[in-house]
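Data block below; observations after.
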Amino acid sequence: LNEAEITLPSFLKDLKEGSPKHIYTSDQWADIKKTPIPLWELADMKKYASMCIQYSRGCPFNCEFCDVTLLFGHKVRIKTKDQILAELENLYLRGWRSGVFIVDDNFIGNKRELKKEVLPAMIDWMKKRKHPFSFTTQVSINLSDDEELIQLMVQVGFNAVFVGIETPNEESLAECGKIQNQNRDLIACVKKIQRFGLQVQGGFIVGFDSDPPSIFERLIEFIQKSGIVTAMVGLLNAPRGTRLYQRLVKEDRLLKDVSGDNTDLSINFIPKMNYEALISGYKRVLRTIYSPKHYYERIQTLLRNFKPLQKKKYQFHLCYLKAFVKSIWLLGIRGKGRIYYWKLLFWSLFKRPQLFPLAVTFAIYGFHFRKIFKNY
1 LNEAEITLPS FLKDLKEGSP KHIYTSDQWA DIKKTPIPLW ELADMKKYAS MCIQYSRGCP
61 FNCEFCDVTL LFGHKVRIKT KDQILAELEN LYLRGWRSGV FIVDDNFIGN KRELKKEVLP
121 AMIDWMKKRK HPFSFTTQVS INLSDDEELI QLMVQVGFNA VFVGIETPNE ESLAECGKIQ
181 NQNRDLIACV KKIQRFGLQV QGGFIVGFDS DPPSIFERLI EFIQKSGIVT AMVGLLNAPR
241 GTRLYQRLVK EDRLLKDVSG DNTDLSINFI PKMNYEALIS GYKRVLRTIY SPKHYYERIQ
301 TLLRNFKPLQ KKKYQFHLCY LKAFVKSIWL LGIRGKGRIY YWKLLFWSLF KRPQLFPLAV
361 TFAIYGFHFR KIFKNY
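Residue 271 in the UniProt record's numbering sits at position 271 of the sequence shown; the count goes up by one each step and never skips.
Here it is as structure tokens:
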């Protein structure tokens, strides 16, 4: 249990000696400045769409439903710029030339070191190697308050960020302690980040005690207006140990542990809203936002506002052509929403031709999303 830097060595030592214990735990936080570089040689990189590295652990915020601070603490622990560059170099020398996901729960938890040391060093490293990677990560919405930070991230090669927006309902934000999202125009914040060339992928939650019956339509409207193409909408659940879990235990509303599957329509507590109304409204949100009409409209909304920094020309690969041809067959000919597919492609071709490959990519994403949510 806990962080592997602390407990795994003890387990491996005991295992080697033939006397492993059942449980290994610690009340200490690991010093990630001592974390070794991953042994990428153990992975068959051809089987992966993305590689992962980590810069920091912990989060300065404390949302009621989130277990990040429980697992990693409030204090943001960071690696040095030399560690990050060494990990990137290791991936580069292994031949990796694609996406890298920086897995931090909040990449901008320590802005000062990020802006002063890490991002400038990454920019220089990427330039010298002709931009071999693209990056994605997770951030809080207050990224929109710092234009310098956004610009640095874009210059590095970040093209998307996942943001926990959760809800457009101010009372629900207050309820869960999402202070970084309160008292701000969330749609304006999203669009600002998009204008700098970062796609915003959004996380949303329904099932808060403060959610009114209108929350489902409000959420649909928010997602459509914001142009968040990848909108992950889930039911509120209470992971063990979180402040939400503890509150629900006191209120005698907890039913079970979380299932760990955010597509199984499960909720592990008694909601304030009628359960059937909650599930019905949740299904309606998913059916609506991923219906061809709404989904393709949302892509256009993003592409109108999206201004990526083009650091290198698109490289042609035969697999891209195969994917495009397959999308024409599945989405443009066989698909029930084919009229919206063609409207998007022709609009992009004439209005935003430089973003045409991205329009096709998003169209294919939609096919995947509808596969996941087809039962809703």
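Ideal Cβ placement from N, Cα and C applies to all residues, glycine included.
Cut-off 8 Å between Cβ atoms - residues of its own chain near residue i, not counting five sequence neighbours on either side
| i | result |
| --- | --- |
| Y245 | A238, P239, L254 |
| L85 | A121, M122, W125 |
Residue nearest to residue i in terms of C-alpha spacing, selected from the options
| i | options | result |
| --- | --- | --- |
| M153 | L15, C189, K111, I165 | K111 |
| residue 383 | V156, P292, I141 | An answer regarding residue 383 cannot be provided, because it is not within the stretch 1 to 376 covered by the chain. |
| A121 | D105, F216, T80 | T80 |
| R247 | L235, N262, F269 | F269 |
| T242 | V206, K34, T69 | T69 |
| W29 | N2, M45, D44 | N2 |
| L149 | F135, I193, G177 | I193 |
| K34 | L12, E87, E41 | E87 |
| F135 | L219, L119, G207 | L119 |
| P60 | K178, H294, V249, D44 | K178 |
| N159 | V206, S259, K307 | K307 |
| R195 | K371, L42, N305, I339 | N305 |
| M273 | P212, V249, W329, V100 | P212 |
| T263 | K256, L114, L235 | L235 |
| Y296 | L344, K322, G18, R352 | L344 |
Residues sharing a beta bridge with residue i, DSSP
| i | result |
| --- | --- |
| G164 | G203 |
| R57 | R77 |
| residue 378 | For residue 378 there is no data in the structure shown, the boundaries of the chain being 1 and 376. |
| G260 | Partner(s): none; G260 has no beta bridge. |
| S50 | G99 |
| F196 | Paired residues: none, contrary to the question. |
| L309 | BP columns for L309 are empty, so no partner. |
| L254 | F269 |
Same chain only: Cβ atoms within 7 Å of residue i, ignoring 5 sequence neighbours per side
| i | result |
| --- | --- |
| K75 | G58 |
| V139 | N106, F107, I108, V161, V163 |
| I279 | L265 |
| C63 | C176, G177, K178 |
| P20 | F11, D14 |
| T288 | I220, H294 |
| I78 | Y55, S56, N110, E113 |
Boundaries (first-last residue) of the beta strand (DSSP E) holding residue i
| i | result |
| --- | --- |
| S134 | 134 to 139 |
Residues near residue i in its chain [Cβ-Cβ closer than 6 Å; skip 5 each side]
| i | result |
| --- | --- |
| E337 | As written in the sequence, residue 337 is Gly, which differs from the Glu given in the question. Within the same chain, G337 has close Cβ partners P292. |
| V229 | R298, I299, L302, F362 |
| S210 | E171, S172, E175 |
| E117 | K81 |
| L309 | V154, G197 |
| N142 | Q180 |
| Y290 | F369, R370, F373 |
| V190 | V200, S226 |
| R218 | P168 |
| P271 | G207, L278 |
Endpoints, alpha helix (DSSP H) assigned at residue i
| i | result |
| --- | --- |
| F362 | 356 to 372 |
| G234 | Where G234 is concerned, there is no enclosing alpha helix (DSSP H), although the beta strand (DSSP E) it sits in stretches over 231 to 235. |
| M153 | 147 to 156 |
| H294 | 292 to 305 |
| S10 | 4 to 16 |
| E171 | 170 to 176 |
| Y340 | 338 to 351 |
| G281 | 275 to 289 |
| I215 | 215 to 226 |
| F65 | Per DSSP, F65 belongs to no alpha helix (DSSP H) and is neither H nor E. |
| S327 | 318 to 327 |
Near the ligand HEM: residue i beta-carbon under 7 Å from a heavy atom
| i | result |
| --- | --- |
| K293 | What this structure holds is no ligand at all, so the ligand HEM is not there to describe. |
* To do: Mind the definition here: the segment 273 to 283 touches the segment 96 to 109 only if three or more C-beta pairs lie below 8 Å; say whether that holds.
  => no
Practice task
Pair every Cβ in the segment 193 to 204 with every Cβ in the segment 159 to 172, then say whether three or more of these pairs are closer than 8 Å.
Solution key: yes
For the pair the segment 22 to 41 and the segment 2 to 9, tell me if three or more CB-CB distances fall below 8 Å. yes
Next item on the list: Please confirm if the segment 215 to 228 is in contact with the segment 46 to 55, defined as three or more CB-CB distances below 8 Å between the two stretches.
Entry: no
* Asked: Between the segment 35 to 48 and the segment 89 to 97, are three or more C-beta pairs nearer than 8 Å?
  -> yes
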